[in-house]
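Novice: Residue numbers (our numbering): 45 to 446. Using N, Cα and C, we set each Cβ at its ideal position, and we do this for glycine too.
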Ligand SMILES: [Zn+2]
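Shown next, in the form of structure tokens:
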């Protein structure tokens, strides 16, 4: 064995002979075999020292009344996988703690395969009771591959964990969540926070959905309105400069994007310098920045509902007076949705927690860029920020002390 090159897999040919055959997709079992696969099946297992280990077995096929002719399921591997469960569970855990290149080097598979493994671990590994005891929920969307597709995420505000997710961002996407939650548990939700778009609200208000819940607009999404408006103002100015062929100034404004959009406390030295320069120059962009910051500050302190209400009114008149179109629109939206914003404040739907969670999601989404599908990106989010207890192979097969 020592002469084998470590890249050559060492195969273990097993004889898999359970008397009852199991359908890989449901709980159907039978003693009757349909036939035996003419070729043996192979699974990539955990390395044995420097050797890559493969498990081989000749599997039988069964005739399930629902799923028809299928290769029998085995307890040591997930359906349609060429990796053993032990291998996949290890990869699922490593993906949440290790960077991409180190992981691929250690387990000797490419990043796309990691994505496919993550999807399978997510399908079976999440806590079965994750949808129970849900009283205050949060709904959010994240974009994957810069708007190539979107993922809807539902979190439990009490645990700050994501409990559900699916590709898409429309009303029908959230309908799937309520279908899974069921009528009774949906009726138990007392409050649900979301962005101010119409899609999620439409779903939440449907019959058998969150009918008893107060719809809240959490501060995170309110501030996001102003951040988007500020970016619009910046882009308009930049485009004007561009048209006037003032390339130097145009470039400066383009570079100022993060200095303006990030929270002042999160700026690096260069960004802080850029911001100081913008302040000295004053003008439209600085006015827009001050409006964004004014709105953000409404939610940073521990203010009462009445105080927030007063500050929001003040912000809305400021926005109106600014005559900056994007901000005038923000002011109007806030006026219209004020009751929902105040409900979020009253219920203590925490901005910092939400913002922290959102930041972590964005980091995960960046890592998931090379995956083949948004569902794999969702898998990485759920394995990192969802209710899951990663059980490693040696922990599962622990021999009890005599
Ligand atoms: Zn079946």
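Please classify residue 47: is it buried, with 16 or more other beta-carbons within 10 angstroms of its beta-carbon, or exposed?
Specialist: Because residue 47 carries a pLDDT of 41, less than 50, the predicted location of this residue cannot be relied on, and no value is offered for it.
Novice: Taking DSSP as the reference, what is the three-state secondary structure of residue 96?
Specialist: DSSP places residue 96 in coil when its eight states are reduced to three.
Novice: Taking only the alpha-carbon atoms, compute the straight-line gap between residue 407 and residue 382 and give it to the nearest angstrom.
Specialist: The alpha-carbon atoms of residue 407 and residue 382 are separated by roughly 31 Å.
Novice: Between the segment 232-239 and the segment 258-267, do three or more beta carbon pairs fall short of 8 Å?
Specialist: With the cut-off at 8 Å, the segment 232-239 and the segment 258-267 touch.
Novice: Hey, could you find the ends of the alpha helix (DSSP H) residue 86 is sitting in?
Specialist: Where residue 86 is concerned, there is no enclosing alpha helix (DSSP H), although the beta strand (DSSP E) it sits in stretches over 85-88.
Novice: Excluding five sequence neighbours on each side, which residues of the same chain lie with their C-beta closer than 8 Å to the C-beta of residue 419?
Specialist: 163, 211, listed in sequence order.
Novice: Does the contact criterion of 3 or more C-beta pairs under 8 Å hold for the segment 122-131 versus the segment 88-101?
Specialist: Yes, the segment 122-131 is in contact with the segment 88-101.
Novice: If residue 324 sits next to residue 300, beta carbons under 8 Å apart, how far is it from one beta carbon to the other, in whole angstroms?
Specialist: Rounded, the Cβ-Cβ distance is 13 Å, inconsistent with contact.
Novice: In chain order, what are the residue ranges of uninterrupted beta strand (DSSP E) at least 3 long that sit wholly in the segment 160-202?
Specialist: The qualifying runs are 180-188, 193-200.
Novice: Out of 190, 390, 174, which has the shortest C-alpha to C-alpha gap to residue 229?
Specialist: That would be 174, whose Cα lies nearest to the Cα of residue 229.
Novice: Taking Cβ positions, are residue 81 and residue 105 nearer each other than 8 Å?
Specialist: Taking 8 Å as the Cβ cut-off, residue 81 and residue 105 qualify as a contacting pair.
Novice: How should residue 427 be labelled, buried or exposed, when 16 other C-beta atoms within 10 angstroms of its C-beta is the threshold for buried?
Specialist: Result: buried.
Novice: When you compare only the Cα positions, how much space is there between residue 477 and residue 353?
Specialist: Here the chain covers residues 45 to 446 and nothing more, so residue 477 does not appear.
Novice: Is it true that the segment 204-222 meets the segment 240-253, where meeting means three or more beta-carbon pairs spaced less than 8 Å apart?
Specialist: Taking 8 Å as the limit for Cβ pairs, the verdict is that the segment 240-253 does touch the segment 204-222.
Novice: With hydrogens ignored, establish whether the beta-carbon of residue 20 is closer than 7 Å to any heavy atom of ligand 1.
Specialist: Residue 20 cannot be examined here, being either before or after the span of the chain that is shown, 45 to 446.
Novice: With a threshold of 16 other CB atoms inside 10 Å of the CB of residue 345, please say whether the residue is buried or exposed.
Specialist: Classification for residue 345: exposed.
Novice: For ligand 1, any of its heavy atoms closer than 7 Å to the Cβ of residue 111?
Specialist: True, at least one ligand heavy atom lies under 7 Å from that Cβ.
Novice: Would you say the beta carbon of residue 65 is closer than 7 Å to some non-hydrogen atom of ligand 1?
Specialist: Incorrect: residue 65 has no Cβ contact closer than 7 Å to ligand 1.
Novice: Which residues mark the beginning and the end of the alpha helix (DSSP H) in which residue 366 is found?
Specialist: Here the alpha helix (DSSP H) through residue 366 covers 349-366.
Novice: Residue 382 by DSSP, collapsed to three states: which one?
Specialist: Helix.
Novice: Kindly indicate the opening and closing residues of the beta strand (DSSP E) around residue 413.
Specialist: Where residue 413 is concerned, there is no enclosing beta strand (DSSP E), given that its DSSP letter is neither H nor E.
Novice: How would you call residue 70, buried or exposed, if buried means at least 16 neighbouring beta carbons within 10 angstroms?
Specialist: Under this definition residue 70 is an exposed residue.
Novice: By Cβ distance below 8 Å, which residues in the same chain neighbour residue 307 in space, the five residues on each side in sequence not counted?
Specialist: Contacts found: 340.
Novice: Do residue 133 and residue 437 come within 8 Å of each other at the CB atom, strictly closer than that value?
Specialist: A contact, by the Cβ cut-off of 8 Å.
Novice: Rounded to whole angstroms, what's the CA-CA distance from residue 361 to residue 375? Just pull it up for me.
Specialist: Using only the alpha carbons, I get a separation of about 7 Å.
Novice: Where residue 454 and residue 131 are concerned, what is the direct C-alpha to C-alpha distance, given to the nearest angstrom?
Specialist: Past the boundaries of the shown model lies residue 454; the chain is included only from 45 to 446, so the question cannot be answered.
Novice: Using the rule of at least 16 other Cβ atoms within 10 Å of the residue's Cβ for burial, across every protein chain shown, is residue 200 buried or exposed?
Specialist: Answer is buried; the Cβ neighbour count reaches 16.
Novice: Quick check: what's the CA-CA separation for residue 141 versus residue 79?
Specialist: Rounded to the nearest angstrom, the two C-alpha atoms are 43 Å apart.
Novice: Helix, strand or coil for residue 207, going by three-state DSSP, please let me know.
Specialist: In the structure shown, residue 207 sits in a strand (DSSP, three-state: E or B).
Novice: Let me confirm a value: residue 50 is counted as buried when at least 16 other C-beta atoms fall within 10 Å, else exposed. Which label applies?
Specialist: Unreliable placement is indicated for residue 50, whose pLDDT of 48 sits below 50; the coordinate value is still reported in the next sentence. By the neighbour-count rule (16 or more Cβ atoms within 10 Å), residue 50 is not buried but exposed.
Novice: Just reading off the beta strand (DSSP E) that residue 26 is part of, what are its end residues?
Specialist: Beyond the ends of the chain as shown, which are 45 and 446, falls residue 26; an answer cannot be given.
Novice: Using the Cα positions of residue 182 and residue 117, report the straight-line distance between them to the nearest angstrom.
Specialist: C-alpha separation (whole angstroms): 37 Å.
Novice: Comparing the CB of residue 69 with every heavy atom of ligand 2, is any distance shorter than 7 Å?
Specialist: Ligand 2 is absent from the structure shown, which contains only ligand 1.
Novice: Say the cut is 7 Å; is the CB of residue 108 nearer than that to a heavy atom of ligand 1?
Specialist: Answer for residue 108: yes, Cβ within range of ligand 1.
Novice: Is it buried or exposed, residue 263, if we count other Cβ atoms within 10 angstroms and call 16 or more buried?
Specialist: Buried, by the Cβ-count rule.
Novice: By how many angstroms is the C-alpha of residue 414 removed from the C-alpha of residue 330?
Specialist: Distance between the alpha carbons of residue 330 and residue 414 is about 38 Å.
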